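Written below as structure tokens is the structure these notes are about.
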Amino acid sequence: MTRRSLINAAALALLLAPAAPTLAKERLAFSGGPEGGTFQYFSNGISIRLSKSMPDVEVSNTASAGSLENLRRVNSGEADFGIVYSGDVFLGRNGKLTQDENTYENVYALGYLYGAPAHLVTLASTGINSLADLAGKRVAVGGAGSGAASAAQRLFTQLGLWDKMNPEFLGYSEAASAMGDKLLDAFWVFAGFPNSSVIQAAASNPIRMIDLVDEAEAAGFFESYPFYTHLEIPAGTYSGVDTAIKSFQDSALWVAGKHVDAKLVEAALAQIYSPEGLAYMVKVKSTAKEMSVEGGLEGIVTPIHPGAEAFWTSKGLTVTAAQMAR
């Protein structure tokens, strides 16, 4: 065989040889929230970032009804990641969700994303100065079945007020308009500040915001619901409200299923909570400015994923007994 023939034969052999197998990407599902909602912005942003920065992983974002659906999807393994309120993780783990006695023990927290603070707004002219003054009053508590309405019912039930007041299940904007028309005495908001509906109410009439912490604390509310954390709404956040208002918030958490590999979780957290990852998340949604390494375990009162424990301890954070109780 000539030299040229040998070369041609070798080339042909290379062409006919089976290609080296490429490693398949691990496909993961991230359960987000309603289209256009904050949950969906966060879940889509994280999914895109992880898919681009982790070559062996592809994360697909899927819409959902929100926190409770995400809890159930992740617990069952239908989804690998999700966003769930800390309160729903806690209550679900303990079989205490409203009208749902199932326990959801396969959902582990990864990190804090942002907070949803409570507001109670009334007109300055109503004479309502405390939570106790709501007895007999018409109070909008958020849409039926919403997280806002659930939080309101927990608080006012703990205070013995739920059956004494007249709750109205209205969305925030509708409630602000109704209060301006004197059809309501107060309305409840469970969202970040400044909230557009509270701004709307303050633009129409002088408003007052009610301190939520002192009476709640005296009634044992924070002992019953340890996932709520204290905060203040700063003075001047809303027109005419010139003092800081003591309030509390639930925390939106990034969660993963028990079945998700610990090394993958650790790597995913390292991508999102890196300086570049955090800057990217703020571009996705300004609410992400609350995310930080220092505050990564804020609001978490349930077990965290082993991969999350490895990541956060490597960053110098202390993991509590409740967060390690897997």
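Going by the numbering used here, the residue at position 104 of the sequence shown is 379; the numbering climbs one at a time, nothing skipped. For every residue, glycine included, the Cβ atom is placed at its ideal position computed from N, Cα and C. Because the structure is a prediction, the values reported are computed rather than measured.
Under 7 angstroms between C-beta atoms of residue i and residue j
| i | j | result |
| --- | --- | --- |
| Glu541 | Gly582 | yes |
| Val334 | Leu385 | no |
| Pro481 | Thr512 | no |
| Val332 | Glu353 | no |
| Leu487 | Ala393 | yes |
| Val576 | Pro509 | no |
| Gly570 | Tyr387 | yes |
| Ser448 | Ser479 | no |
| Phe314 | Gly307 | yes |
| Phe431 | Phe356 | no |
| Leu459 | Ala493 | no |
| Glu490 | Leu406 | yes |
| Ala450 | Gln475 | no |
| Asn369 | Arg413 | no |
Candidates the options, of which the one nearest residue i by Cα
| i | options | result |
| --- | --- | --- |
| Ala453 | Leu398, Pro578 and Asp438 | Leu398 |
| Thr593 | Arg601, Ala600, Leu430 and Leu572 | Leu572 |
| Val568 | His580, Ala545 and Val559 | Ala545 |
| Glu443 | Ser425, Gly435 and Gln433 | Ser425 |
| Gly446 | Val464, Arg429, Asp438 and Asp460 | Val464 |
| Val557 | Val535, Phe317 and Ala407 | Phe317 |
| Asn584 | Asp536, Lys412 and Thr562 | With the sequence shown as reference, residue 584 is identified as Glu, and Asn is not the correct amino acid for it. The residue with the shortest Cα to Cα distance from Glu584 is Asp536. |
| Met599 | Thr337, Pro578 and Ala510 | Pro578 |
| Trp529 | Phe496, Gly574 and Leu430 | Gly574 |
| Phe497 | Leu409, Leu434, Ala299 and Ala519 | Leu434 |
| His534 | His580, Glu507 and Val559 | His580 |
| Ser522 | Tyr503, Gly312 and Ser342 | Tyr503 |
| Gly422 | Arg601, Ala340, Tyr383 and Ser328 | Ala340 |
| Ser561 | Val516, Gly467 and Arg601 | Gly467 |
| Ala531 | Met566, Ser361 and Gly311 | Ser361 |
| Gly312 | Ile547, Arg324 and Ile358 | Ile358 |
| Asp525 | Ala391, Ser322, Arg324 and Glu507 | Ala391 |
| Pro330 | Ala299, Pro309 and Ser342 | Ala299 |
| Gly346 | Gly515, Val364 and Ala338 | Checking the displayed sequence, the identity of residue 346 turns out to be Leu instead of Gly. It is Val364 whose Cα lies nearest to the Cα of Leu346. |
| Ser326 | Ala527, Ala543, Ala519 and Asn350 | Ala543 |
| Arg601 | Tyr383, Ser589 and Ser322 | Tyr383 |
| Ala527 | Arg483, Gly370, Met566 and Ile323 | Met566 |
| Ile520 | Ile485, Lys564 and Met440 | Ile485 |
DSSP three-state assignment for residue i, whether helix, strand or coil
| i | result |
| --- | --- |
| Ile485 | coil |
| Trp437 | coil |
| Phe444 | coil |
| Ala391 | strand |
| Ile403 | coil |
| Asp363 | helix |
| Thr297 | Legend: pLDDT at Thr297 = 49, less than 50; position of this residue unreliable, value from coordinates given subsequently. Coil. |
| Ile575 | coil |
| Phe356 | strand |
| Leu459 | coil |
| Tyr555 | helix |
| Thr595 | coil |
| Thr378 | coil |
| Arg601 | coil |
| Ala453 | helix |
| Ala426 | helix |
Run of the alpha helix (DSSP H) containing residue i, from where it starts to where it stops
| i | result |
| --- | --- |
| Ile474 | Ser471 to Ser479 |
| Leu544 | Ala537 to Ile547 |
| Asn369 | Counting along the chain, Asn369 falls outside any alpha helix (DSSP H), and DSSP gives it neither H nor E. |
| Arg413 | Per DSSP, Arg413 belongs to no alpha helix (DSSP H); it is in the beta strand (DSSP E), Arg413 to Ala415. |
| Tyr500 | No alpha helix (DSSP H) contains Tyr500, which DSSP labels as neither H nor E. |
| Lys349 | According to the sequence shown, residue 349 is Val rather than Lys. Segment Ser342 to Ser351, the alpha helix (DSSP H) holding Val349. |
| Pro604 | This structure leaves residue 604 out entirely; the chain is present only between 276 and 601. |
| Gly311 | Looking at the DSSP string, Gly311 is not in any alpha helix (DSSP H), and its letter there is neither H nor E. |
Residue range of the unbroken beta strand (DSSP E) whose run includes residue i
| i | result |
| --- | --- |
| Gly532 | Ile520 to Gly532 |
| Asn336 | Val332 to Thr337 |
| Glu507 | Thr504 to Ile508 |
Proximity test, Cβ basis, 7 angstroms: residue i and chain D
| i | result |
| --- | --- |
| Ala410 | This model lacks chain D altogether, as it is built from one protein chain only. |
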